[in-house]
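Sequential numbering of the sequence shown, starting at 4, is according to the working numbering.
Glycine is no exception: its CB is placed at the ideal position from the N, C-alpha and C atoms.
The structure presented is a predicted model; accordingly, all values stated were derived computationally and were not measured.
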Amino acid sequence: MPTPIIRSLSVSLTLLWLALAPAVPASAQTTILTLQETREAAVSAYESGAFAQAEALARALLRRDPRDLVAQIVLIEVASARGDHGVAADMASYGYGIAETDGARYTLARLAAREHALLDHGTRAQVWLRRAREASPTKGAAREVAEDYAFIRARNPLSISVNGGVAPRSNINNGSSQSTQEVLIFGIPVTLPLSGDAQALSGIAYSLGGELAYRLDDRSDRSTTLSLSAFGETYQLSDEAKALAPTADGTDFAYVNAELALRQERRIGQDGAVLGYGASVGTTWSGGTAYYDFTRLSLSYGWHGIGGMQHRLDGQTERQIARSGGDPRHISEVGWRGDWRTVAGDQISVTVRLSQSTSTNPNYSYEGVTASLGWTPQAPFARGHWSMSAEAGARNYAPSLLSLDPREDRSVSGRISYRPDNLEFYGFRPEIALTGRANASNVARFDTSDLGLGLRIVSSF
């Protein structure tokens, strides 16, 4: 049975040559008929399996006009039928380069994607499908491209993703909303001013990240993936922030995280349950200096519940070792997530997580809980699609010699994003997100809030 991309890319050349035939003045009627008859003969020869005749006619057309797209497509189909998929892919690429209409570019890009898929060049096939998406003549054609892209992505062992964005924010350094804090000095509470760089500094955040993953095996009952990922964010301080903290620079608060991970997922039973486990190592840099190294072990179990609801239990433990020395920090988390789709097609998710961190530094020793709710409506609004989420959390910290009472944090955060449907470039579109977070703490230094409006580029499929 043919795969979706091969089936959907079977081009009806009998109709195609009519669509691509160039217009010629009426005074050249005899030339038009001869040209059409030659093209029709080449198409008929190909469809009847007379590949040598079809190739000869197509090459004769190309001698007359090297830009004859019907002849190019006939040669592509002949090469593909003979199993010369590399030659067919090169021809499709050449034809795409000389195409003068979106309809021609769409057809040739999908032919190029088909030939690369047949060669198991999954990544190159995905690139060509993005070109086809850009030239899609109808919404239906665009949907077909997305379906083919998903089909190839699921079978391509190599996965490459890039993400990034820019966001003006009110608090790029997670600084305090207060200007003073109360500390204990020899057991006596004393109110001291907070330094400028300990207070909230506004500015612009620039982020960039990516992941390179390779599926080492993909069997019916399990898959194993090795991945390398990195993410970084740096900042530009506003004039107000520079006035508050004259010696600070946006790069002082920049950070980079790099991680190498190995993960395996096993399918269990006949009901679609999946058991996953993995290990990763990495390093985090802060302000341009290596901050700490970490190792992480993770375990998850997902299954289908009643009413189509998808459940996932997961847990992880992480060990962080600061480059400056000192005792390691241990972080453990467990969580549950439920996802389901309503009758109207809306996607809803609920998450609950418990966490515990142990450290000799009381600022990193706590027990916490978070709960979140996400909603992605299916129906568009204001010519675009929206997604909303909210989260609430609580953390109780270990006692500190510098505060009267153990630190207690209560936080809330939210995010609303919008993706316009009428803006797209090669299968990518902009996403605008409004984010907000507030953390109420009985220790003034950690009483924080942040509001941001970000722009990033995301894939449409």
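Of the listed residues the options, nearest to residue i (C-alpha basis)
| i | options | result |
| --- | --- | --- |
| A436 | I155, A170, V284 and Q75 | A170 |
| T292 | W306, A325 and R299 | A325 |
| I465 | D123, V90, Q75 and A82 | Nothing can be reported for residue 465, as the shown portion of the chain is limited to 4 through 464. |
| G52 | Q39, R85, E40 and T37 | R85 |
| W378 | D255, W339, A347 and L404 | A347 |
| L302 | A135, V337 and E103 | V337 |
| R356 | Y367, D317, Q323 and Q381 | D317 |
| V77 | L60, G89, D93 and P69 | L60 |
| H126 | E137, D151, I163 and A107 | For clarity, residue 126 is Thr in the given sequence; the question names His instead. Ranking the options by Cα distance to T126, first place goes to I163. |
| G281 | A395, L300, A144 and L247 | L300 |
| T194 | D200, T104, D123 and Q184 | Q184 |
| G290 | R42, D252 and F384 | D252 |
| W339 | R270, S327, R315 and E321 | R315 |
| P160 | V186, D123 and E43 | D123 |
| T250 | Q273, S335, G272 and A201 | A201 |
| A374 | Q381, S335, G417 and H333 | G417 |
| A244 | R67, P383 and A203 | A203 |
Whole-Å CB distance - residue i paired with residue j, under 8 angstroms assumed
| i | j | result |
| --- | --- | --- |
| S196 | S182 | First, the residue type needs correcting, since residue 196 is Pro and not Ser in the sequence shown. Right, the Cβ-Cβ distance comes to about 6 angstroms (below 8 angstroms), so this counts as a contact. |
| N445 | E411 | 5 angstroms |
| L2 | A393 | Past the edges of the chain, shown from 4 to 464, lies residue 2, and the structure says nothing about it. |
| S173 | L454 | 5 angstroms |
| G305 | A276 | 7 angstroms |
| Y367 | S358 | Not quite, the Cβ-Cβ distance comes to about 12 angstroms (not below 8 angstroms), so this is no contact. |
| G212 | N166 | 5 angstroms |
| R222 | E268 | In fact, because the Cβ distance is near 11 angstroms, the residues do not count as touching under 8 angstroms. |
| L404 | L187 | 7 angstroms |
6 angstroms Cβ shell around residue i - same chain, five flanking residues per side excluded
| i | result |
| --- | --- |
| G387 | Y421, R422, P423 and D424 |
| T287 | N260, Y294 and Y295 |
| P5 | A caution first: P5 carries a pLDDT of 43, below 50, which makes its placement in the model unreliable, though a value can still be read off. Contacts found: none. |
| T17 | Confidence is the limiting factor: at T17 the pLDDT is only 40, short of 50, which leaves the residue's position unreliable and the question unanswerable from this model. |
| S406 | V446 |
| D342 | Q313 and S352 |
| A92 | A115, E118 and H119 |
Beta-bridge partners of residue i, as assigned by DSSP
| i | result |
| --- | --- |
| Y258 | E236 and S289 |
| M94 | The partner list for M94 (beta bridge, DSSP) is empty, contrary to what the question assumes. |
| D296 | T286 and I324 |
| M391 | W378 and I419 |
| D242 | Paired residues: none, contrary to the question. |
| N166 | G212 |
| F431 | F428 and S462 |
| I191 | I188 |
| G318 | L302 and V337 |
| E370 | Q359 and N399 |
Residues near residue i by beta carbon distance below 7 angstroms, same chain, minus five either side
| i | result |
| --- | --- |
| A95 | I79, L111, L114, A115 and E118 |
| L65 | D71 and A74 |
| N399 | Y369, E370, P409 and E411 |
| L263 | L231, S283, V284 and G285 |
| V148 | L132, A135, R136 and S139 |
| V81 | Y49, F54, A57 and E58 |
| Y109 | A135, A138, S139, P140 and A144 |
| S462 | G430 and F431 |
Beta-carbon contacts of residue i that lie in its chain and below 8 angstroms, excluding the five residues immediately before and after
| i | result |
| --- | --- |
| D330 | S362 and T363 |
| Y152 | Q129, L132, R133, R136, G430 and F464 |
Does the count of Cβ pairs from the stretch 127 to 141 and the stretch 426 to 439 closer than 8 angstroms reach three?
In short, these stretches touch, since the Cβ pair count reaches three.
Taking contact to mean 3 or more Cβ pairs, one atom from each stretch, closer than 8 angstroms, check whether the stretch 215 to 222 and the stretch 245 to 256 are in contact.
no
Three or more beta-carbon pairs under 8 angstroms between the stretch 200 to 214 and the stretch 237 to 244, yes or no?
yes
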